[in-house]
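Enquirer: For the sequence shown, this note's numbering gives the first residue as 10, with consecutive numbering after it.
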Amino acid sequence: MTDAESTGRPRTAYVTAMTLDGFIATDDHSLEWLLSRDIDPAGPFSHDAFMAGVGAIVMGRSTYDWIERHREQTGEAWFYQQPTWVMTHRPLEPPAGADVRAASGDVADLHPRLVAAAAGRDVWVVGGGALAADLARAGLLDEVIVSIAPVTLGSGAPLLDGHAELQLMDSGVNREFLCARYRVLPTAP
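(1) Taking DSSP's pairing of strands, which residues face W94 in a bridge?
(2) Since Y73 sits in a beta bridge, which residues does DSSP pair it with?
(3) State whether the region 80-87 contacts the region 44-55, with contact taken as three or more CB pairs (one from each stretch) at a distance under 8 Å.
(4) Starting from the C-beta of H98, find all residues in its chain whose C-beta is less than 6 Å away, skip the five residues before and the five after it, and write them out in chain order.
(5) For a quick check, are the C-beta atoms of T25 and D151 less than 8 Å apart?
(6) Would you kindly work out how many angstroms separate the C-alpha atoms of G181 and L187, rounded to a whole number?
(7) Quick check: V63 and D143, are their CB atoms within less than 8 Å of each other?
(8) Drop a sphere of 10 angstroms on the beta-carbon of P19, count the other beta-carbons inside from all chains shown, and report buried for 16 or more, exposed for fewer.
(9) Tell me the DSSP bridge mates of S156?
(10) Do T35 and L140 have their C-beta atoms closer together than 8 Å?
(11) In the DSSP output, what is V193 paired with across the bridge?
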């Protein structure tokens with residue numbers, strides 16, 4: 010049980026997939042390495058089950074840009090119903106009909122709005138190892154939930170861009186993925 014679960018407050022959780030050597034994307038921010046992997050959507054560490062409890066989303070600009078390139082190639086609609094914030098310093102054109110908002114500055118200042126928008130549900134930190142690390146340093150990241158794929162990249166965007174202390178809470182296997190759920194421990198400044 011996490012601190013968030015024991016207090017009944019929603020979690021801020023960084024849920025992502027990474028390669029065996031610790032990268033969430035290639036140097037050019039591609040996730041193609043992930044899309045060919047076999048995972049059971051209803052299996053252990055189900056993304057669909059996690060999403061049922063998500064009330065708000067925050068992501069970095071590189072993640073947002075990748076999603077938009079992927080949507081453009083596939084013709085898919087915006088993936089999320091939840092209000093979504095994109096941390097960026099550049100102009101942002103939200104997808105038609107989607108609740109996507111640009112934000113800049115310190116994500117710790119944005120966090121109260123994310124929690125309020127989540128309305129008692131969880132906040133999902135989609136992507137950005139730097140974004141997740143900023144939340145961890147501010148003491149605002151409750152969990153890191155990661156699915157580890159059997160592939161290496163050699164370089165790319167790291168899982169977390171900075172130091173974090175974690176405590177293993179749960180683990181499992183979902184087809185090709187080794188999955189782990191960690192509680193983020195407080196660290197000294």
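Glycine included, C-beta positions come from ideal geometry on N, C-alpha and C.
Expert: According to the structure data:
(1) V67, R110
(2) Per the DSSP secondary-structure output, Y73 pairs with nothing in a beta bridge.
(3) no
(4) Within the same chain, H98 has close Cβ partners S113.
(5) no
(6) Within the model, the alpha-carbon separation for G181 versus L187 is close to 6 Å.
(7) no
(8) By the beta-carbon neighbour count (other beta carbons within 10 angstroms, threshold 16), P19 is buried.
(9) A26, C188
(10) no
(11) L175
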